[in-house]
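Report on one structure; see the data block that follows.
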Amino acid sequence: MKLFTATRAPNPRRVLMFMHEKGIGGIQLVPVDLNAGEHRDAAYRAKVPVSRVPALELQDGRVLSETRAICTYLEGLHPEPNLMGDGYDERAFVEMHDRRVEWYWLLPIANCVRHTHPGLAALEQPQFPDFGHSQGTKVRDAARWLDDTLATQPWIAGERFTIADITAFCAIEFARLMKFNAGAEGFAALQAWRDRVAARESARAG
């Protein structure tokens, strides 16, 4: 199998962390240069019409894109250690937390960075700085919710490390590009959680 990935992009990093936590090897990593527009080349678009990374090319030639879909596939191939929930009840709640983090935390961070950071101007044309700054406000609102959650439980989805923590961690690390620092902004529980995840070996996998 081949995993098409990109340096510093949060979604490919989510898959790489997921793979590392599970000890999955044997997948060829294929770098895609986003700044050079390789994700828009005809050859890549033939595999992934939406021109996004990551994407997992299976041994039968099919290509699976979208981060959570890729992780679901890998979880099926490598059930342990479980990162997406054991049984329908836990799976539903882990997915709820992961979706919340993806939509209400990672997405506004990405929007803020893509529309305000000069280094991403080539990827986001046109940039809308006012929109980007408004998304920065939403990032702080979500940080408050996450901080309150992590003040009462050790991990995003409850008592154990799951895919929701991977998504949230890749988001908070990407937020450095918008100069967000949880501890400096008074989110002590969120900062402590971030530091615990950063100490994991998988945090260095992306």
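Position one of the sequence shown corresponds to residue 1 (my numbering), numbered consecutively onward.
Don't be surprised by glycine CBs; every beta carbon is placed ideally from N, CA and C.
- Going by beta carbons, Thr-67 and Arg-14 fall inside the 8 Å limit.
- Taking the CA atoms as reference points, Pro-49 sits about 42 Å from Thr-152.
- A distance of 8 Å or more separates the beta carbons of Val-139 and Ala-198.
- As the crow flies, the alpha-carbon of Phe-4 is around 22 Å from that of Ile-172.
- Taking C-beta atoms as the reference points, Glu-57 and Met-1 count as a pair closer than 8 Å.
- By the CB criterion at 8 Å, Cys-170 and Met-17 fall inside the cutoff.
- Gln-28 has Lys-2 as its beta-bridge partners, per DSSP.
- Non-local C-beta neighbours of Ala-55 in its own chain, meaning closer than 6 Å and more than five positions away in sequence, comprise Phe-4, Val-48, Val-63 and Ser-65, ordered along the chain.
- Taking Ile-163 as the centre and dropping the five residues before and after it, the same chain places the C-beta of Phe-18, Cys-71, Leu-83, Met-84, Val-94 and Asp-98 closer than 7 Å to its C-beta, in chain order.
- Assignment of Ser-65 by DSSP, reduced to helix, strand and coil, places it in the strand class.
- Excluding the 5 residues flanking it on each side, Ala-189 has same chain C-beta neighbours closer than 6 Å at Asp-147, Leu-150 and Ala-151, in chain order.
- Beyond the five residues adjoining it in sequence on each side, Asn-111 comes within less than 6 Å, by CB distance, of Gln-135 in the same chain, given in chain order.
- For Ala-55, there is no enclosing alpha helix (DSSP H); the enclosing beta strand (DSSP E) covers residues 55 to 57.
- When DSSP reads this structure, Trp-155 sits in a beta bridge with Gly-158.
- C-alpha of Arg-52 to C-alpha of Asp-130: approximately 25 Å in a straight line.
- Ala-168 sits in a helix when the DSSP states are folded into three classes.
- Residues His-97, Ala-164, Asp-165 and Ala-168 of the same chain have their beta carbon placed closer than 6 Å to that of Ile-156, with the five preceding and five following residues left out of the count.
- Assignment of Leu-83 by DSSP, reduced to helix, strand and coil, places it in the coil class.
- Nearest to His-78 by C-alpha distance, out of Pro-10, Phe-161 and Glu-21, is Glu-21.
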